[in-house]
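A.B. asks: One structure, as structure tokens, below. Some questions next.
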Amino acid sequence: MNYLRLKKQSDFNKLFSGGKRAFSPSFTMIYAPAKQMRMGISVGKRHGKSVKRNRIKRLLREAFRSVREEFQGNYSIVLVPKVKDDYSFFTFRKHLQWIIAREKL
Numbered sequence: 031m032n033y034l035r036l037k038k039q040s041d042f043n044k045l046f047s048g049g050k051r052a053f054s055p056s057f058t059m060i061y062a063p064a065k066q067m068r069m070g071i072s073v074g075k076r077h078g079k080s081v082k083r084n085r086i087k088r089l090l091r092e093a094f095r096s097v098r099e100e101f102q103g104n105y106s107i108v109l110v111p112k113v114k115d116d117y118s119f120f121t122f123r124k125h126l127q128w129i130i131a132r133e134k135l
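Throughout, our numbering is defined as the position within the sequence shown, counted from one, plus 30.
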């Protein structure tokens, strides 16, 4: 694994209040420069029951893992998915690559 996971509420709060936001059709990415690459996912209860929320988190983690090498520097990142009818790994990966290219991360 080439990155650390964001777990503390204080880390999430710092990013939500002071991070830069990038939007895609399937999620919002909040990021800020950091010493190490760190990533967290915030999925609210409006997405459904725990089985669906956990699936969304697994898909986002794997999509991030597959594009991790495309980042130029180290960032703290929070991914917040948008409510949709269906979620797919390929859509998440495509939108992550699109944001990386657009924001020049």
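A virtual CB, placed ideally from N, CA and C, is assigned to each residue, including glycine.
Starting from the C-beta of Glu-92, find all residues in its chain whose C-beta is less than 7 Å away, skip the five residues before and the five after it, and write them out in chain order.
C.D. replies: Counting from 1 along the sequence shown, the entry for residue 92 is found at position 62. Excluding positions up to five away in sequence, the list reads Phe-119.
A.B. asks: Return helix, strand or coil for Ala-93, following the three-state DSSP convention.
C.D. replies: Your numbering for residue 93 matches position 63 in the sequence shown. Looking at Ala-93 - three-state DSSP - the assignment turns out to be helix.
A.B. asks: So, is the C-beta of Glu-92 closer than 8 Å to a C-beta in chain D?
C.D. replies: Reference to chain D is not applicable here, since this structure consists of a single protein chain.
A.B. asks: What does a CB cutoff of less than 8 Å around Met-108 pick up in its chain, not counting 5 residues either side in sequence?
C.D. replies: Numbered from 1 along the sequence shown, position 78 holds the residue referred to as residue 108. The sequence given here has Val at residue 108, not Met. Correct list, in chain order: Leu-36, Phe-42, Leu-45, Phe-46, Gly-49, Met-59, Ile-60, Tyr-61, Met-69, Gly-70, Ile-71, Ser-72.
A.B. asks: Can you list, in chain order, the residues of its chain with a C-beta nearer than 7 Å to that of Lys-114? Leave out the 5 residues immediately preceding and following it.
C.D. replies: If you number the sequence shown from 1, residue 114 lands on position 84. So the list reads Ser-56, once near-sequence residues are dropped.
A.B. asks: Helix or strand or just coil, what does DSSP make of Val-113?
C.D. replies: For the purposes of this step, residue 113 is identified with residue 83 of the sequence shown, where counting begins at 1. DSSP, reduced to helix, strand and coil, places Val-113 outside both helices and strands of the structure shown, so it counts as coil.
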